[in-house]
Amino acid sequence: MPFLAWLESLQTDPDAAPAADLHYCTRDQVTDAFVPRLEGLCAKLPRIHLHIHGARQGATLQAALLGEARNAEIWFCGPRGLADSLLNGLRAMGGPGRFHQEAFEMS
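Residues 1 to 107 in UniProt numbering are what the sequence shown spells out, letter by letter.
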């Protein structure tokens, strides 16, 4: 996960972190081993706001949750279906801003 390396690199200079919202989607936020790691890294970066979306907990990421993201720069890494859903939702809200996508397919 490239964003983990980015968060780790910011630990030595938290003031260098840009204001950002990091949305992490997982099947189960209770059992996902990355959740505590992300929480720990983001806790030391006050300008990074972490949002965990656990499907099993009923917290799925929807375009409406991104709020003003339609005017923001969005960096997305995840499955094509979620990307398509977010893009369609952002377009319905007035535009996807700048949406950068690293697409992958699970075999």
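No residue lacks a Cβ here, since even glycine has one placed at the ideal position from N, Cα and C.
Give the secondary structure of Asp21 by DSSP, where H, G and I count as helix, E and B as strand, and everything else as coil. Here Asp21 sits in strand by DSSP.
Taking Cβ positions, are Arg98 and Ile74 nearer each other than 9 Å? yes
May I have a chain-ordered list of the alpha helix (DSSP H) segments no shorter than 4 residues that lie completely inside the stretch 34-101? 34-43 and 80-92
On the DSSP bridge assignment, give the partners of Thr31 in chain order. Paired residues: none, contrary to the question.
In terms of residue numbering, what span does the alpha helix (DSSP H) encompassing Pro14 cover? If you look at Pro14, you'll find it isn't in any alpha helix (DSSP H); DSSP assigns it neither H nor E.
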